[in-house]
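Colleague: This is the structure, below, for whatever I ask next.
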Amino acid sequence: MRDYTDTEILKLPPNFGMIYLGETFVTYICLNNETTKTVRSVSVKIELQTSTQKFTLVENQPSDLEVKKNLEFISQHEVKELGVHILICTVFYLSETNEQRTIKRFYKFQVHNPIAVKTKVNSLSDGRIFFEAQIQNTSQDRMFLERVSFEPHESYHCKDLNYVVQQTTPYLNEPGKQTNNVRQYLFMLEQIPGITPLNKLGKLDIQWRTNFGEVGHLQTSTLSRKIPPIEYLHVKVTSITPETIRVEQPFQCTIELTNNSPSDMNVQFNLTKHDYNSSILCKGKYMRNIRVEAQKSQTFTLQFIPIISGLHTLGGFKVVDIVSGISKDLDHLTDIYVYDEEDLI
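Numbers in my numbering are just positions in the sequence shown, counted from 1, shifted up by 1260.
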């Protein structure tokens, strides 16, 4: 402070550089008394104003500032909002005539988004959910992804399917490349038994470091999915015997029918496309009246004879509940590989 007038005794830097969402905004404030007299009752208040709220970063108790002395303050604030932010710096002191004096300066800056997140959800018929996240570096600097995890909703278990390949860099922007690079992450969610499936899946938690080691952290809002329609009649292959299938040697396929409806079913299992796969012959064209109680399963077996070696698809079937009319075409039950005798020598 060179005098007690409202001159430019409070200055802010022309710019702070690029400031990104999720990073910690650190400010250092130093107030110097460059006059020949003690300045009485000096206090500093530093505030950060966003579009929705105001935060007080520094507010000290008034004290006298002696000649050639200074007051120093350091504040930290995790940036959680995009858009315009205003740093408000206010100095209070008493003049020689005991009048309250105030000096206030404003600094406006923009908070940018350092990453872009795209998600994709695939729901399987067995209840498993595969959650894919694509994380893009939209900042101007290289970024080290220190941790990417998924915090599931209480109705799911989560399994992290990601692993680090050796001799690769974890940076989103490898040396010599521009920003906007993308990394993909995959997680598998399994429903906890006895809990009704919900559209809420959980939150993606991301932590990174910049070139100089500064930590950034973001957590998405609760991610959701469209719950697929209930599959009232579910069909799957549970076993095939023998394990090694040979040409012109019969094999047996065990099939499980699951009734997910609230009512009992009388299911008719039909072979609708006899020429669907002429290399695999089915013994019998259909099986009638398989009774499946509500919310339960029933198994039965089919006999097949392979004519040609190689990889084949079992399909061309249709299941119908003769009571409700619910039906399902089964163009693909499973895949099998048929060995020629020469292959086994």
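C-beta: ideal position from N, C-alpha, C; glycine also.
Expressed to the nearest angstrom, what Euclidean distance is found between the alpha-carbon atoms of H1572 and E1601?
Modeller: If you take the alpha carbons of H1572 and E1601, they lie about 17 Å apart.
Colleague: So the beta strand (DSSP E) H1572 belongs to, where does it begin and stop?
Modeller: Taken as a continuous stretch (DSSP letters only), the beta strand (DSSP E) holding H1572 covers G1570 to L1574.
Colleague: Does the separation of the CB atoms of M1403 and G1476 fall below 9 Å?
Modeller: For M1403 and G1476, yes; Cβs fall inside 9 Å.
Colleague: From P1435 to E1283, what does the alpha carbon distance come to, in whole angstroms?
Modeller: Low local confidence applies: a pLDDT of 44 at P1435 is under 50, so the model's placement there is unreliable, with the coordinate-based value given in what follows. Distance between the alpha carbons of P1435 and E1283: 23 Å.
Colleague: Going residue by residue through the stretch 1483-1554, where are the continuous beta strand (DSSP E) segments of at least 3 residues, counting only ones entirely within it?
Modeller: Entirely contained in the stretch 1483-1554, the beta strand (DSSP E) runs reaching 3 residues are, in chain order, 1493-1501, 1511-1519, 1525-1531, 1540-1542 and 1546-1552.
Colleague: On the DSSP letters alone, give me the boundaries of the beta strand (DSSP E) that T1561 sits inside.
Modeller: Residues S1557 to P1566.
Colleague: Roughly how many angstroms separate the alpha carbons of S1584 and V1598, rounded to a whole number?
Modeller: Each residue's alpha carbon lies about 38 Å from the other.
Colleague: Output needed for D1524: all residues of its chain with C-beta closer than 8 Å, excluding positions within five of it in sequence on either side, in chain order.
Modeller: Excluding positions up to five away in sequence, the list reads R1551, V1552, E1553, A1554 and V1583.
Colleague: Could you tell me the distance, in whole angstroms, from the CA atom of D1535 to the CA atom of S1383?
Modeller: With a pLDDT of 47 at D1535, under the threshold of 50, the modelled position of this residue cannot be trusted, and the question is left open.
Colleague: Can you list, in chain order, the residues of its chain whose CB lies under 7 Å from that of F1315, leaving out five sequence neighbours each side?
Modeller: Excluding positions up to five away in sequence, the list reads E1307, L1308 and H1337.
Colleague: Return the residue from the list V1286, K1380 and V1344 that minimises the CA-CA distance to S1484.
Modeller: Considering only alpha carbons, the answer is K1380.
Colleague: Let me know if V1579 comes out buried or exposed under the rule of 16 or more other beta-carbons within 10 Å of its beta-carbon.
Modeller: Classification for V1579: buried.
Colleague: Pick out the complete beta strand (DSSP E) segments inside the stretch 1279-1343, 3 residues or longer, and give them in chain order.
Modeller: Listed in chain order, they are 1284-1292, 1299-1309, 1314-1319, 1323-1325 and 1330-1338.
Colleague: May I have the straight-line CA-CA distance separating R1388 from V1304, to the nearest angstrom?
Modeller: Cα-Cα distance, rounded: 56 Å.
Colleague: Tell me whether D1595 sits in a helix, a strand or coil according to DSSP, three-state version.
Modeller: Three-state DSSP puts D1595 in a strand.
Colleague: Does DSSP put D1603 in a helix, a strand or coil?
Modeller: Here D1603 sits in helix by DSSP.
Colleague: Give the secondary structure of T1470 by DSSP, where H, G and I count as helix, E and B as strand, and everything else as coil.
Modeller: Three-state DSSP puts T1470 in coil, outside helix and strand.
Colleague: Which residues share a DSSP beta bridge with L1347?
Modeller: DSSP lists L1308 and Y1367 as partners of L1347.
Colleague: What are the start and end residues of each continuous alpha helix (DSSP H) run of 4 or more residues lying completely inside the stretch 1374-1458, in chain order?
Modeller: If we require 4 residues or more, the stretch 1374-1458 turns out to have no alpha helix (DSSP H) run fully inside it.
Colleague: Would you report the Cα separation of I1568 and Q1528, rounded to the nearest angstrom?
Modeller: Between I1568 and Q1528, the C-alpha separation is close to 29 Å.
Colleague: Are there 16 or more other CB atoms within 10 angstroms of the CB of T1504, so buried, or fewer, so exposed?
Modeller: By the 10 Å Cβ count, T1504 comes out exposed.
Colleague: Just how far apart, CA to CA, sit Q1509 and I1515?
Modeller: Q1509 and I1515: Cα-Cα distance of roughly 20 Å.
Colleague: Just to confirm, is the Cβ distance from V1318 to S1335 under 9 Å?
Modeller: Cβ atoms of V1318 and S1335: closer than 9 Å.
Colleague: With 16 other CB atoms within 10 Å as the buried threshold, where does S1499 fall?
Modeller: Exposed, by the Cβ-count rule.
Colleague: Mind checking who L1354 pairs with in its DSSP beta bridge?
Modeller: In DSSP, L1354 forms a bridge with R1300 and Q1360.
Colleague: Under DSSP, the beta strand (DSSP E) around S1587 begins and ends at which residues?
Modeller: It spans S1587 to L1590 - the beta strand (DSSP E) in which S1587 sits, taken as one unbroken run.
Colleague: Does DSSP classify G1277 as helix, strand or coil?
Modeller: Three-state result, G1277: coil.
Colleague: Let me check understanding here. Comparing Cα to Cα, which of I1289, N1549 and V1442 lies closest to F1560?
Modeller: The shortest Cα separation from F1560 among I1289, N1549 and V1442 belongs to N1549.
Colleague: Please report the straight-line C-alpha distance between V1408 and D1386, rounded to a whole angstrom.
Modeller: Spanning the two alpha carbons is a distance of roughly 26 Å.
Colleague: Use the C-beta contact count for T1362: other C-beta atoms within 10 angstroms, 16 or more gives buried, fewer gives exposed.
Modeller: Label assigned to T1362: exposed.
Colleague: DSSP on V1583, reduced to helix/strand/coil?
Modeller: Here V1583 sits in coil by DSSP.
Colleague: Given that a residue counts as buried once 16 or more other Cβ atoms are within 10 Å of its Cβ, and exposed if not, what is I1455?
Modeller: Its Cβ having fewer than 16 others within 10 Å, I1455 is exposed.
Colleague: Since I believe Y1445 is in contact with I1375 (beta carbons under 8 Å), could you give me their beta-carbon distance rounded to a whole number of angstroms?
Modeller: 12 Å between Cβ atoms; not a contact.
Colleague: What does a CB cutoff of less than 7 Å around I1452 pick up in its chain, not counting 5 residues either side in sequence?
Modeller: For I1452, where only same-chain residues beyond five positions count, the Cβ hits under 7 Å are S1415, Y1416 and H1417.
Colleague: Using the C-alpha atoms, what's the distance from H1494 back to I1586?
Modeller: Distance between the alpha carbons of I1586 and H1494 is about 11 Å.
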